[in-house]
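Chemist:
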Amino acid sequence: MTDRLTPGTHTVELDGVRQRYHVHGRGPVCLAHSGGPGITWEYLRMPAVAEHLTVVDAPARLHA
Numbered sequence: 001m002t003d004r005l006t007p008g009t010h011t012v013e014l015d016g017v018r019q020r021y022h023v024h025g026r027g028p029v030c031l032a033h034s035g036g037p038g039i040t041w042e043y044l045r046m047p048a049v050a051e052h053l054t055v056v057d058a059p060a061r062l063h064a
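Numbering follows UniProt numbering, in which position 55 of the sequence shown is assigned residue number 55; successive positions increment by one, without gaps.
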């Protein structure tokens, strides 16, 4: 099993629901969640924040 907070793209499954998330940076954890349809995790990338924090981008579910 790999560390779930290592940089990269990860998938977790809970009760049959799969959720993909992306991890960047190192430090205390900061959860970033998209603001709605059309806002992708790439838009939420915050390189300056990731210099000091572990940023976890969790894309919203059911937005198509």
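Backbone N, C-alpha and C define an ideal beta-carbon position, used for all residues, glycine too.
From ASP57 to ASP15, what does the alpha carbon distance come to, in whole angstroms?
Modeler: The residue labelled residue 57 in the question sits at position 57 within the sequence shown. The residue labelled residue 15 in the question sits at position 15 within the sequence shown. In a straight line, the C-alpha of ASP57 is about 21 angstroms away from that of ASP15.
Chemist: How is ALA60 classed by DSSP in three states: helix, strand or coil?
Modeler: By one-based count along the sequence shown, residue 60 stands at place 60. Residue state, collapsed to three classes: coil.
Chemist: DSSP state of ALA48, grouped into three classes?
Modeler: Taking the first residue of the sequence shown as position 1, residue 48 is located at position 48. Helix at ALA48.
Chemist: Mapping the DSSP letters down to three states, classify GLY16 as helix, strand or coil.
Modeler: Locating residue 16 in the sequence shown gives position 16, where the first residue counts as 1. Residue state, collapsed to three classes: coil.
Chemist: Return the CA-CA distance between THR54 and ALA32, expressed in angstroms with no decimal places.
Modeler: Against the sequence shown, residue 54 aligns to sequence position 54. Against the sequence shown, residue 32 aligns to sequence position 32. The alpha-carbon atoms of THR54 and ALA32 are separated by roughly 10 angstroms.
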